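Here the working numbering is used: position 193 in the sequence shown is 193, and no number is missing along the way.
Every residue, glycine too, gets a C-beta built ideally from N, C-alpha and C.
These numbers come from a predicted model, not from an experiment.
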Amino acid sequence: MKNILEAPFMVEMIRTTTNMYAHGWDERNGGNISLLLDEAEVKEYLDTDHVIRAIPAGFSAPELGGKYFLVTGTGKYFKNVQYAPDVNLGIVRLTEDGETAELLWGFSDGGKFTSEFPAHMMSHAARLSVDPENRVVMHCHPANLLAMTYVHSLDEREFTRTLWQMCTECIVVFPEGVNVLPWMLCGTNEIGEATAEKMKNARLTVWALHGIYGAGKDLDETFGLIETAEKAAEIYMKIAHLPRVNTLTDDMMHQLEERFGVKGREGFLD
Ligand code: 2HA
Ligand code: ZN
Numbered sequence: 001m002k003n004i005l006e007a008p009f010m011v012e013m014i015r016t017t018t019n020m021y022a023h024g025w026d027e028r029n030g031g032n033i034s035l036l037l038d039e040a041e042v043k044e045y046l047d048t049d050h051v052i053r054a055i056p057a058g059f060s061a062p063e064l065g066g067k068y069f070l071v072t073g074t075g076k077y078f079k080n081v082q083y084a085p086d087v088n089l090g091i092v093r094l095t096e097d098g099e100t101a102e103l104l105w106g107f108s109d110g111g112k113f114t115s116e117f118p119a120h121m122m123s124h125a126a127r128l129s130v131d132p133e134n135r136v137v138m139h140c141h142p143a144n145l146l147a148m149t150y151v152h153s154l155d156e157r158e159f160t161r162t163l164w165q166m167c168t169e170c171i172v173v174f175p176e177g178v179n180v181l182p183w184m185l186c187g188t189n190e191i192g193e194a195t196a197e198k199m200k201n202a203r204l205t206v207w208a209l210h211g212i213y214g215a216g217k218d219l220d221e222t223f224g225l226i227e228t229a230e231k232a233a234e235i236y237m238k239i240a241h242l243p244r245v246n247t248l249t250d251d252m253m254h255q256l257e258e259r260f261g262v263k264g265r266e267g268f269l270d
């Protein structure tokens, strides 16, 4: 068996959580990530017949039966992942009925997966239904996106258009725009179902007054998506109280669509 701490997925997960903490997106135990793993790759590092513990998922996701995920732990701090990956992270396999998570590695202090496990797993199922390449669901609390939800309309078209107007490349990075959920109680199956529904037509879903969910094919892409939206929100928060003298127009955005071969979400541009 190879050393799991040297597995590319583990190294990348440790780097990503460390980087997100450094960005200030994951104070205390804020934020969580789940990464879908290849069974064949996991078998290079773990005896997958050896289940350490069975943890009830608290919901049912049969679409994900038999799938393996590397996930951050509940109550764990992103800043500590690099120093004790086996305490702060875990690898689980969902049983065929999608109702139980079998722990194969990690959570070595007796811990378990993130409190947002329902939102993560339901979002994986939703993303995989529209994009078989999707492997990552990432949640965090970036300050400017959060701030924006206190002072900006939560209408998805308006919220998206404002972000697109803040940096030339936003419409290129997330042409499908962002979805927005009103405040809901976190950690519940209800917010999980609502998030998953939103994830069907966009890789970014803002949780008003809380944070953001991102999805993508790898950790880099997903991090970059949130990073780009957060940068746009930062610019908005710098200028929102000032008279706007110049702006990106819909005509400019149509030029970007053409130049970069993307299409903004239907109806979001005039
Ligand atoms: O505690 O961010 O939404 C982790 C969270 C919950
Ligand atoms: Zn959160």
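Proximal residues to residue i (C-beta, below 6 angstroms), its chain only, five neighbours per side dropped
{"i": "T247", "result": "Q165"}
{"i": "I33", "result": "T72 and M138"}
{"i": "F107", "result": "G73 and G90"}
{"i": "D26", "result": "M20, F78 and C140"}
{"i": "L219", "result": "E12, T16 and V136"}
{"i": "A196", "result": "M122, S123 and A126"}
CB of residue i within 8 angstroms of CB of residue j, strictly
{"i": "I91", "j": "Y68", "result": "yes"}
{"i": "D272", "j": "V87", "result": "Given a span of 1 to 270 for the chain in the structure shown, any question on residue 272 remains unanswerable."}
{"i": "E96", "j": "G65", "result": "yes"}
{"i": "L46", "j": "M13", "result": "no"}
{"i": "A232", "j": "C170", "result": "yes"}
{"i": "G24", "j": "A208", "result": "no"}
{"i": "K112", "j": "Y21", "result": "no"}
{"i": "V178", "j": "V136", "result": "no"}
{"i": "G192", "j": "A84", "result": "no"}
{"i": "A7", "j": "V151", "result": "no"}
Opening and closing residue of the alpha helix (DSSP H) in which residue i lies
{"i": "M166", "result": "E156 to M166"}
{"i": "G91", "result": "The identity of residue 91 in the sequence shown is Ile, whereas the question assumes Gly. Per DSSP, I91 belongs to no alpha helix (DSSP H); it is in the beta strand (DSSP E), L89 to L94."}
{"i": "Y150", "result": "A143 to V151"}
Span of the beta strand (DSSP E) around residue i
{"i": "M138", "result": "V136 to C140"}
{"i": "R53", "result": "R53 to P56"}
{"i": "F69", "result": "Y68 to T72"}
{"i": "L104", "result": "T100 to G106"}
Cβ-heavy atom distance, residue i to ligand 4, below 7 angstroms
{"i": "T114", "result": "No copy of ligand 4 appears in this structure; the ligands present are ligand 1 and ligand 2."}
Contact set for residue i: own chain, Cβ-Cβ below 7 angstroms, skip 5 residues either direction
{"i": "Q82", "result": "I14 and T18"}
Sequence-distant residues of the same chain with beta carbon closer than 8 angstroms to residue i, five excluded per side
{"i": "T188", "result": "P118"}
Review point. So does the region 102 to 119 actually touch the region 45 to 54, counting three or more Cβ pairs closer than 8 angstroms?
Key: yes
**Study point:** Every unbroken alpha helix (DSSP H) inside the region 199 to 256 [4 residues or more]
**Key:** 219 to 239
Point to revise | Length-filtered (3 minimum) beta strand (DSSP E) runs lying within the region 5 to 32 | key: none
Exercise for review: Pair every Cβ in the region 247 to 261 with every Cβ in the region 181 to 189, then say whether three or more of these pairs are closer than 8 angstroms.
Suggested key: no
Check your understanding: Looking at C-beta atoms only, is the number of pairs between the region 10 to 24 and the region 200 to 215 that lie closer than 8 angstroms three or more?
Key -> no
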